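**Q** Okay, here's the structure, questions in a sec.
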Amino acid sequence: MSVLESIKEKILESNSIVIITHEHPDGDAIGSSLTLMHALKKIGKNVDVIIPNGVHKMYDILPGREEIKEYIEENYNYDLCIALDSGDLERLYVCREIFEKTPNTIVIDHHITNQNYGDVNYVNAVASSTCQNLLVILAYMDIAITKEIATCAYAGILSDTGGFKYNVQPETFELVAMLLETGIDTAKIYRNLFDLSTLNRTKLLGRAIDRLELLSNNKIAFTYVTKQDEEELNIADGDHENIVYYGRNIEGVEVSVFVRPDNDKFKISLRSNEYMDVSLIASKFGGGGHMKAAGFSTEMSFEHIKQTLIAEIEKNLK
Ligand SMILES: [Mn+2]
Numbered sequence: 001m002s003v004l005e006s007i008k009e010k011i012l013e014s015n016s017i018v019i020i021t022h023e024h025p026d027g028d029a030i031g032s033s034l035t036l037m038h039a040l041k042k043i044g045k046n047v048d049v050i051i052p053n054g055v056h057k058m059y060d061i062l063p064g065r066e067e068i069k070e071y072i073e074e075n076y077n078y079d080l081c082i083a084l085d086s087g088d089l090e091r092l093y094v095c096r097e098i099f100e101k102t103p104n105t106i107v108i109d110h111h112i113t114n115q116n117y118g119d120v121n122y123v124n125a126v127a128s129s130t131c132q133n134l135l136v137i138l139a140y141m142d143i144a145i146t147k148e149i150a151t152c153a154y155a156g157i158l159s160d161t162g163g164f165k166y167n168v169q170p171e172t173f174e175l176v177a178m179l180l181e182t183g184i185d186t187a188k189i190y191r192n193l194f195d196l197s198t199l200n201r202t203k204l205l206g207r208a209i210d211r212l213e214l215l216s217n218n219k220i221a222f223t224y225v226t227k228q229d230e231e232e233l234n235i236a237d238g239d240h241e242n243i244v245y246y247g248r249n250i251e252g253v254e255v256s257v258f259v260r261p262d263n264d265k266f267k268i269s270l271r272s273n274e275y276m277d278v279s280l281i282a283s284k285f286g287g288g289g290h291m292k293a294a295g296f297s298t299e300m301s302f303e304h305i306k307q308t309l310i311a312e313i314e315k316n317l318k
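Structural data, given as structure tokens:
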């Protein structure tokens with residue numbers, strides 16, 4: 001049986017389905033969760049989307065946003081758990097428990113580092129996004145694309161391609177053409193995901209830019225924000241999106257590093273321009289991702305991260 005057939009069968013056999021995704025959910029994580037929620041509801045399934053850490057308000061424009069449960073119910077009981085956009089069990093954080101307790105599991109993802117931890121795994125790492133992979137699955141299942149589905153899927157693809165800048169394939173545009181047929185508001189989605197800010201968020205970016213330094217012959221851009229910044233500016237999860245790109249945009253830079261606090265740990269984002277596979281670097285620190293966009297969390301001290309990470313990146317500089 002093909003993977004697509006197995007997925008279809010598992011879904012059709014299930015009544016109550018839970019959708020989960022990775023910690024610090026981005027546009028693709030949230031967009032794909034809502035895309036799948038709408039699709040499964042359309043074929044009569046009971047569906048919960050669970051995102052315990054909450055969802056940034058930039059995603060409020062996505063239809064179905066208000067149906068996301070930001071907590072885990074006590075006596076839950078699902079037939080099927082579908083994990084989206086998460087390369088491994090650890091990235092599912094508190095939702096890992098739901099995945100492990102549910103009798104049937106499906107993993108749908110596009111991370112090259114995916115561990116294939118589900119009963120059925122649809123991992124096409126060539127695809128721009130998990131949303132793109134989902135659209136292939138929905139087409140296989142003959143689920144028609146509504147405007148709601150299209151808005152959520154478009155947001156996910158837009159987010160993971162940086163506004164169609166990278167990771168795009170001919171298939172990406174073929175599928176997006178289909179989404180546009182439903183009459184979605186592409187300008188509104190773009191503005192909410194990329195341009196819309198708050199004063200505090202812009203000030204946080206300012207602090208990161210102030211601290212930005214170039215290392216290793218100006219090939220590495222390094223910057224960070226602190227717990228104090230976040231407290232003073234009342235920063236929410238998701239307010240950091242895109243800060244890492246400012247370093248990467250500087251002429252001559254190959255890798256941009258952005259460090260931010262994450263409870264008692266640090267979260268590190270890595271972006272490369274031309275040749276460096278930052279997913280390999282992130283995996284050395286227990287993380288993962290894509291060739292040009294990856295990250296990890298660590299309990300190391302700030303100075304230690306900076307030293308060991310920069311040394312590791314330097315080894316791979318041309
Ligand atoms: Mn993704």
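Quick note: the sequence shown uses my numbering, first residue 1, plus one each step. In this text, a Cβ means the ideal position worked out from N, Cα and C, and glycines have one as well. A quick note: this is a predicted structure, and the numbers were derived from the prediction, not measured.
1. Please determine if the stretch 242–257 and the stretch 267–274 are in contact, where contact requires at least 3 C-beta pairs separated by less than 8 Å.
2. Taking A293 as part of the alpha helix (DSSP H), name the residues at either end of that continuous run.
3. Going by beta carbon distance, what residues of the same chain come within less than 6 Å of N316, once the five residues before and after it are set aside?
4. Indicate, with yes or no, if ligand 1 has a heavy atom lying under 7 Å from the CB of T130.
5. Could you spell out the range, first to last residue, of the beta strand (DSSP E) harbouring K57?
6. Have a look at R248 and F222 and give me their C-alpha separation to the nearest angstrom.
7. Less than 8 Å between the CB atoms is what I'm expecting for E70 and I82, so what's the real figure, rounded?
8. Just to confirm, does H24 get its C-beta within under 7 Å of one of the non-hydrogen atoms of ligand 1?
9. Using 8 Å as the threshold, is the C-beta distance between S272 and G156 below it?
10. Buried or exposed: P25, going by 16 or more other Cβ atoms within 10 Å of its Cβ?
11. My understanding is that V107 touches N121, with C-beta atoms under 8 Å, so please give their C-beta distance in whole angstroms.
12. Report all residues from its chain with a CB closer than 7 Å to the CB of Y117; omit the five preceding and five following residues, and keep chain order.
13. Inspect the beta-carbon positions of G163 and Y190 and report whether they are closer than 8 Å.
14. Are the CB atoms of E23 and V49 within a distance shorter than 8 Å?
15. If you reduce the DSSP assignment to three classes, tell me which class A187 lands in.
16. Ligand 1 and D237: does the residue's C-beta get closer than 7 Å to at least one heavy atom of that ligand?
17. Considering just the uninterrupted stretch of the alpha helix (DSSP H) at R201, what are its terminal residues?
18. Give a yes or no on whether the C-beta atoms belonging to S128 and T21 are separated by under 8 Å.
19. Any contact between the stretch 210–224 and the stretch 172–190? By contact I mean 3 or more CB pairs, one from each, below 8 Å.
**A** In brief:
1. yes
2. The sequence position of residue 293 within the sequence shown is 293, counting from 1. Premise fails: A293 lies in the beta strand (DSSP E), 293–298, not in any alpha helix (DSSP H).
3. Taking the sequence shown and counting its residues from 1, one reaches residue 316 at position 316. So the qualifying residues of the chain are M276.
4. The residue given as residue 130 occupies position 130 in the sequence shown. Yes.
5. Within the sequence shown, the letter at position 57 stands for residue 57. Note, K57: premise wrong, no beta strand (DSSP E); not H, not E.
6. Here residue 248 corresponds to residue number 248 of the sequence shown, with the count starting at 1. Here residue 222 corresponds to residue number 222 of the sequence shown, with the count starting at 1. Answer to the nearest angstrom: the Cα atoms are 9 Å apart.
7. By 1-based counting over the sequence shown, the position of residue 70 is 70. By 1-based counting over the sequence shown, the position of residue 82 is 82. Contact flag wrong, Cβ pair sits at about 18 Å.
8. In the sequence shown, residue 24 corresponds to position 24, counting from 1. Outside the cutoff, so no.
9. Within the sequence shown, residue 272 is the residue found at index 272, counting from 1. Within the sequence shown, residue 156 is the residue found at index 156, counting from 1. Not in contact: S272 and G156 (Cβ atoms no closer than 8 Å).
10. Numbered from 1 along the sequence shown, position 25 holds the residue referred to as residue 25. So P25 counts as buried.
11. As a working note, residue 107 is residue 107 in the sequence shown. As a working note, residue 121 is residue 121 in the sequence shown. Right, the Cβ-Cβ distance comes to about 5 Å (below 8 Å), so this counts as a contact.
12. One-based indexing of the sequence shown puts residue 117 at position 117. Result list for Y117: D88, L89, V107, in chain order.
13. For this step, residue 163 is matched to residue 163 along the sequence shown. For this step, residue 190 is matched to residue 190 along the sequence shown. Against a cut-off of 8 Å, the Cβ pair of Y190 and G163 comes out as a contact.
14. By one-based count along the sequence shown, residue 49 stands at place 49. By one-based count along the sequence shown, residue 23 stands at place 23. For V49 and E23, no; Cβs fall outside 8 Å.
15. Numbered from 1 along the sequence shown, position 187 holds the residue referred to as residue 187. Helix, per DSSP.
16. Along the sequence shown, one-based indexing puts residue 237 at 237. Flag unset: Cβ of D237 not near ligand 1.
17. In the sequence shown, counting from the first residue as 1, residue 201 sits at position 201. Unbroken alpha helix (DSSP H) run through R201: 199–211.
18. Here residue 128 refers to the residue found at position 128 when the sequence shown is read from its first residue. Here residue 21 refers to the residue found at position 21 when the sequence shown is read from its first residue. No, they are not a contact pair.
19. no
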